[in-house]
Amino acid sequence: MEIRSVTRAAALSCLVLLGSAAGWAQSKVAVINLQRAVLETASIQKASAELEAKFKPRQQEMEKLQTELQEIQRQLQTQAGQLTPQAQSELTNQGNRKQRDLQRLGEDLQADVERDRNSILSKASQQMQEVVTKLAEEKGLDVVIEETNTIFFKPALDITKDAIAAYDKAYPPK
1 MEIRSVTRAA ALSCLVLLGS AAGWAQSKVA VINLQRAVLE TASIQKASAE LEAKFKPRQQ
61 EMEKLQTELQ EIQRQLQTQA GQLTPQAQSE LTNQGNRKQR DLQRLGEDLQ ADVERDRNSI
121 LSKASQQMQE VVTKLAEEKG LDVVIEETNT IFFKPALDIT KDAIAAYDKA YPPK
């Protein structure tokens, strides 16, 4: 009697497993590289160029300060024995001020760039998720999986290019 119930339980388990595997096999799945999809949109390409142009003057100011600092350091090295102690002290103080200015300018620039970049990417990522949801509905997809979490997939399942095209159509650069 006990062998019969074990056999029934095993048969029932096999049927359940086969049923769920058949259901999974009928699901439509796609894969997307969401980061690439966002970064390759026309809007992000344009925003990136605009950010670069916006912060270029500050970057150039930093480069100028860096050149001036290097010149002061060069003078201190090449004229070490020729400068009076007072002149050497003044030059050292001037170099220290330029170094502090350069560091502050760099930190401020980095913070401003990151703030603007994060704002742009956050908005674009949200819009891309909306586009991917709509694209999945149009294609009758059941699941869209992030490519970075996937070990293997057939290239035909990748909808990254489709998502970029749909995003560019829905949100053209201004």
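Residues 1 to 174 (the numbering used here) are what the sequence shown spells out, left to right. We put the beta carbon where it would ideally sit given N, CA and C, even for glycine. Since the model is a prediction, treat every value here as computed from it, not as a measurement.
Val131 beta carbon less than 8 Å from that of Ala156: One-based indexing of the sequence shown puts residue 156 at position 156. One-based indexing of the sequence shown puts residue 131 at position 131. Contact flag unset, no.
Environment of Ala166 [buried if 16+ CB atoms lie within 10 Å]: The residue given as residue 166 occupies position 166 in the sequence shown. Looking at its Cβ environment, which holds 16 or more other Cβ atoms inside 10 Å, Ala166 is buried.
Residues of its chain near Ser43, where Cβ-Cβ distance is below 7 Å and the 5 sequence neighbours each way are ignored: Taking the first residue of the sequence shown as position 1, residue 43 is located at position 43. Here the set comprises Ala124, Tyr171 and Pro173.
Residue of Leu105, Gly95 and Ala49 minimising C-alpha distance to Gln77: In the sequence shown, residue 77 corresponds to position 77, counting from 1. Closest by alpha carbon: Gly95.
Nearest-angstrom Cα separation, counted from Asp101 out to Leu65: By 1-based counting over the sequence shown, the position of residue 65 is 65. By 1-based counting over the sequence shown, the position of residue 101 is 101. Going from the Cα of Leu65 to the Cα of Asp101 covers about 8 Å.
Contact check, Glu147 vs Val31, beta carbons under 8 Å: In the sequence shown, residue 147 corresponds to position 147, counting from 1. In the sequence shown, residue 31 corresponds to position 31, counting from 1. Closer than 8 Å, so yes.
Helix, strand or coil at Asp112 according to DSSP, with G and I counted as helix: If you number the sequence shown from 1, residue 112 lands on position 112. The answer is helix: DSSP assigns Asp112 an H, G or I state.
Strand pairing of Asp158, partner residues [DSSP]: Along the sequence shown, one-based indexing puts residue 158 at 158. According to DSSP, Asp158 bridges with Val31.
is_contact[Thr160, chain B] using C-beta, thresh 8 Å: Going by chain labels, chain B is absent from the structure shown, which holds only one protein chain.
Cβ-Cβ distance between Lys98 and Glu61 below 8 Å: In the sequence shown, counting from the first residue as 1, residue 98 sits at position 98. In the sequence shown, counting from the first residue as 1, residue 61 sits at position 61. Not a contact, by the Cβ cut-off of 8 Å.
Span separating the alpha-carbon of Leu121 from that of Gln129: Translated into positions along the sequence shown, residue 121 becomes position 121. Translated into positions along the sequence shown, residue 129 becomes position 129. Each residue's alpha carbon lies about 12 Å from the other.
Beta-carbon proximity of Arg74 to Thr160, cut-off 8 Å: Stepping through the sequence shown from its first residue, residue 74 is reached at position 74. Stepping through the sequence shown from its first residue, residue 160 is reached at position 160. Cβ atoms of Arg74 and Thr160: not closer than 8 Å.
Residues that DSSP places opposite Glu146 in a beta bridge: By one-based count along the sequence shown, residue 146 stands at place 146. Ile32, per the DSSP bridge assignment.
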